[in-house]
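Once you know that position 166 of the sequence shown is 747 in our numbering, the rest is easy, because the numbers rise by one and skip nothing.
Where a beta carbon is used, it is the ideal one built from N, C-alpha and C, also for glycine.
The next block holds one structure in the form of structure tokens; read it before the comments.
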Amino acid sequence: MKTIERLINFMDKHDYQYTNGFDQYGDAIVIHERCDEMTIIENELYRLCELKTADIGKNDINLYYDDECTICDKCGKIVSTQTYSSPQYYMDYDACECICADCVHKDPSNYIDWLNNHDNRANTILSMDELYHNNYEKLGVVDYQNGLHEGMNDDPKQIFAELSKTHKNIIFDITQMNPFYIDFGVYVRNEDWYEISKEVV
Ligand SMILES: [Zn+2]
582 MKTIERLINF
592 MDKHDYQYTN
602 GFDQYGDAIV
612 IHERCDEMTI
622 IENELYRLCE
632 LKTADIGKND
642 INLYYDDECT
652 ICDKCGKIVS
662 TQTYSSPQYY
672 MDYDACECIC
682 ADCVHKDPSN
692 YIDWLNNHDN
702 RANTILSMDE
712 LYHNNYEKLG
722 VVDYQNGLHE
732 GMNDDPKQIF
742 AELSKTHKNI
752 IFDITQMNPF
762 YIDFGVYVRN
772 EDWYEISKEV
782 V
């Protein structure tokens, strides 16, 4: 029996309210309502993982409270919504539809359309390569910074206003994020480069 099955048996035995499924790392269990159950279930998970029996599954089980996650509307995967110290790895299209990063990677077109030409939206999912394959190239090599430390005052609204004079399609991209500051870059659609260079010629 796998660890996940043992843990589910344990929760069933104690009448704990939960949902189980998969997140991006593997098995996931969502525990309903914030209470002491999480500590008890975590302890049981640690205990099961420490049992060195051959039939035990991998220790890739993640526990969430139900207010710490959401469900991908496309694939049904459980997605953590905790973004205190790392960028958001899911897309919640204006809080109406949640799409996990894996589904965004499979078909990034809607995500790119959603990001395009908005000074209050930024990519946290796609890599530089993925943006490049979707015809966006990074503008410049030094990232902008906005944060609590002195000099970290780059303003996306001002940057967008300035760049939109010369570029038709602009995407902001968060390269680093922590509680104190954000590093971000700008991508522009490379098809526009050719149009701009043609205009210059
Ligand atoms: Zn998904």
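Looking at the DSSP output, T651 sits in a beta bridge with V660. CA-to-CA, the gap between D764 and Q739 works out to about 16 Å. Of the residues assessed, R770 falls on the buried side of the cut-off, its CB having 16 or more other CB atoms within 10 angstroms.
Cα atoms of L644 and T584: separation of roughly 13 Å, rounded to the nearest angstrom. C-alpha of F753 to C-alpha of A703: approximately 5 Å in a straight line. Listed in chain order, the non-local C-beta contacts of E711 below 8 Å within the same chain comprise H686 and P689, local neighbours out to five positions each way being set aside. DSSP lists F603 and I642 as the bridge partner or partners of D608.
With respect to the 8 Å criterion, E623 and Q598 are not classified as neighbours on the basis of their beta carbons. Under DSSP, the beta-bridge partners assigned to D673 are C679. The beta carbon of I752 sits no closer than 7 Å to any heavy atom of ligand 1.
When DSSP states are grouped into helix, strand and coil, Q598 belongs to the coil group. Bounds of the alpha helix (DSSP H) holding D694 are S690 to L696.
Looking at the DSSP output, M758 bridges to I763. Linking T620 to Y671 through their CA atoms gives a straight-line distance of about 27 Å. Setting aside the 5 residues that flank it on each side, Q663 is surrounded in the same chain by E649, each with a C-beta closer than 6 Å to its C-beta; the list follows chain order. Short of 8 Å from the beta carbon of D641, and not among the five residues preceding or following it, lie these beta carbons of its own chain, in chain order: Y606, G607 and D608. Nearest to Y725 by alpha-carbon distance, out of Y717, N734 and M592, is N734.
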